[in-house]
Amino acid sequence: MNNTLLAIDIGSSSITAVIAKHDLESNINILGTGLQKSEGVNKGIIINIEEASKAIKDAINIAKRSTTEVIETSVVSISGSYTKSIRSSGSVNVPNGLITETEINQVMQMALYNATIVPEYEVVHVVPIFFKVDDSVDVDNPLNMNGSRLEVSVYIVTAKRTALTNIKSALKISGVDITRFVLDGYASAISVLDEQQKKFGATVINIGSTTTEFVSYKGSSLIFNGFIPVGSNHITNDLSVMLHTPPAAAEKIKTEYGSLTKNFSASNELGVTKVKIPRIGDEDTHSEVALDYIQTIIHARVEEILVLVKNKLKKSGILDNAGSGIVITGGMSNLEGIKALAEKIYDGIPISVSNPKNIENGYMSFDDSRMSTIVGLLVYSLGINRNYELDSSKKLMKPVKKQQAIVEEKTINNNSINTKSESNEKSDLSLKNDDPTILTPLRKDNKKGVSKFWSKVSEWF
Ligand SMILES: Nc1ncnc2c1ncn2[C@@H]1O[C@H](COP(=O)(O)OP(=O)(O)OP(=O)(O)O)[C@@H](O)[C@H]1O
Ligand SMILES: [Mg+2]
């Protein structure tokens, strides 16, 4: 066993592959990272295996350039677009009066057995909502407790088998056998929420390029997940259609002048009120458009997304008890003013905009809202932030008991995407082995600017 892990986030705009290794102390070292423009993926679903396989293979190959370690396990994100979630419960007798991992596994398997799984769907997560030992309710972790009966209430996420098979096929071409599937929104929540937020309850909304995934936590358990097939690319399309400009120009306008605060834009230092844009089909001809008009188009789409999510959360009863509030992440959370607009739409529920917890390394900055899912996949695989659960192969995953450490990988490979200088700038955030907090949640306000790497990504559009 060499503990080398490959994590892959298959997003609609980019595919991220990270090779990492964790040792017996459960420290994690990043050994390589690869990022490719996504192809053949839309709204969270693989729509062209050949194109998707190539993009995935390229991302993995870039990550592999800096390591010769044999990959032992792999974990890949899946979209909520093809999932169905249900609740179930189970109970078992405890013959020896002392609860061990055998009984915990048995009761979780029993809860899964008792559930009615829709045909053609496969189990991805079986997460305990609460355990009960004899008469004591809401037991966090029943291990080593005395009792004669153990009960569990679980949240089960299942996913359409054909969609999972397509992901497996796309990865097979790169010689990767998937060990685990992890729900995208679940991974994002794992990477942006702290323990307090999980305990008191929180909802994480990840707004990506073509999808918006959201999950809710309560009492450190996943209790709800949802999805809408709309994301930041829809703003780009709206701008392209309404302003008669090519999509690449629309994308640039969105990221440079996009703001939900009237007449404001972070990169609009000169205070322009009109923007010159190329015309579709005749890119040498430019027309002038009022910034006000651009921002009205953007505002309408973002408002629509936030209201659609709100309606889904309301219907599920989540908004009646929002706990510590709502955390927005994903690429679109970079849009200036999104916090204020969400506060207005969500009627006073506390809103924050968060990046994932950082993992210092010499390859890539994880201090970016687009990295929430990939960081969550790494943290999930390590067992940090997790209770017992059955994974997508129905095996019991155990929480790691000792304090976790995520340490800096010292080796730098020049072939990899290198954001070393940026990592150095953030040396105040460096994670030290002896620091008990280890993973540091990064708020947007602490951000010193979007990485050079991501500006390169925007050139793809
Ligand atoms: N400042 C910004 N304002 C609005 N959108 C932005 C901004 N910066 C980046 N984005 C958008 O974020 C998206 C990329 O985000 P992310 O990497 O989270 O998506 P993804 O995971 O690839 O897609 P998905 O989750 O939908 O499959 C792109 O559509 C990009 O235009
Ligand atoms: Mg995403």
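Read left to right, the sequence shown gives residues 1 to 461 (full-length UniProt numbering). We put the beta carbon where it would ideally sit given N, CA and C, even for glycine. Because the structure is a prediction, the values reported are computed rather than measured.
Does Ala-17 pass the burial test, meaning 16 or more other C-beta atoms within 10 Å, or should it be called exposed?
The residue is buried, with at least 16 neighbouring Cβ atoms inside 10 Å.
Return helix, strand or coil for Gly-32, following the three-state DSSP convention.
Gly-32: strand per DSSP, three-state reduction.
Which one of Lys-199, Leu-6, Asn-48 has the shortest CA to CA distance from Ala-63?
The residue from Lys-199, Leu-6, Asn-48 with its alpha-carbon nearest to that of Ala-63 is Leu-6.
Does DSSP put Arg-87 in a helix, a strand or coil?
strand
One question on the structure: do Glu-122 and Arg-87 come within less than 8 Å of each other, judged by their Cβ atoms?
no
At which residue ranges does the stretch 95–173 contain complete alpha helix (DSSP H) runs of 4 or more residues, listed in the order of the chain?
101–114, 161–172
Cβ-heavy atom distance, Asp-58 to ligand 2, below 7 Å
Look at Asp-58: its beta carbon is at least 7 Å from all of the heavy atoms in ligand 2.
So which residues touch the region around ligand 1, with touch meaning a C-beta under 5 Å from any heavy atom?
Qualifying residues, in the order they occur: Gly-11, Ser-12, Ser-13, Ser-14, Gly-208, Ser-209, Thr-210, Thr-211, Gly-231, Ser-232, Asn-233, Thr-255, Gly-258, Gly-330, Gly-331, Met-332, Asn-334, Leu-335, Arg-370.
From Leu-171, Ser-216, Gly-281, pick the residue whose C-alpha is nearest to that of Gln-190; which is it?
Just to set this straight, residue 190 is Ile in the shown sequence, not Gln. For Ile-190, the closest alpha carbon among the candidates Leu-171, Ser-216, Gly-281 is that of Ser-216.
Compute the minimum distance between the beta carbon of Asp-367 and the heavy atoms of ligand 2, and state whether it is under 7 Å.
No, Cβ of Asp-367 sits at least 7 Å from all heavy atoms of ligand 2.
Neighbourhood of Ser-316 by C-beta, 6 Å cutoff - its chain only, sequence neighbours within 5 removed
Phe-224
So if DSSP puts residue 469 in a beta bridge, which residue, or which two residues, is it bridged to?
Any question about residue 469 goes unanswered here, given that the chain covers just 1 to 461.
For a test of the three-state rule: what should DSSP assign to Ala-322, helix, strand or coil?
coil
Pull the bridge partners of Pro-246 from the DSSP assignment, please.
None; Pro-246 has no bridge partner.
Just how far apart, CA to CA, sit Tyr-293 and Lys-54?
39 Å
Under 8 Å, do Ala-9 and Ile-374 count as touching if we go by C-beta distance?
Going by the sequence as given, residue 9 is Asp instead of Ala. Result yes, Cβ atoms of Asp-9 and Ile-374 sit closer than 8 Å.
Evaluate the contact criterion for the stretch 75–85 versus the stretch 93–100: three or more CB pairs, one atom per stretch, below 8 Å.
Taking a cut-off of 8 Å for Cβ pairs, the stretch 75–85 and the stretch 93–100 do not touch, as fewer than three such pairs fall below it.
Apart from the five residues just before and just after Thr-100, which ones in its own chain have a Cβ nearer than 8 Å to its Cβ?
For Thr-100, where only same-chain residues beyond five positions count, the Cβ hits under 8 Å are Leu-143, Asn-144.
Looking only at DSSP bridge pairs, what is Met-397 linked to?
Glu-389
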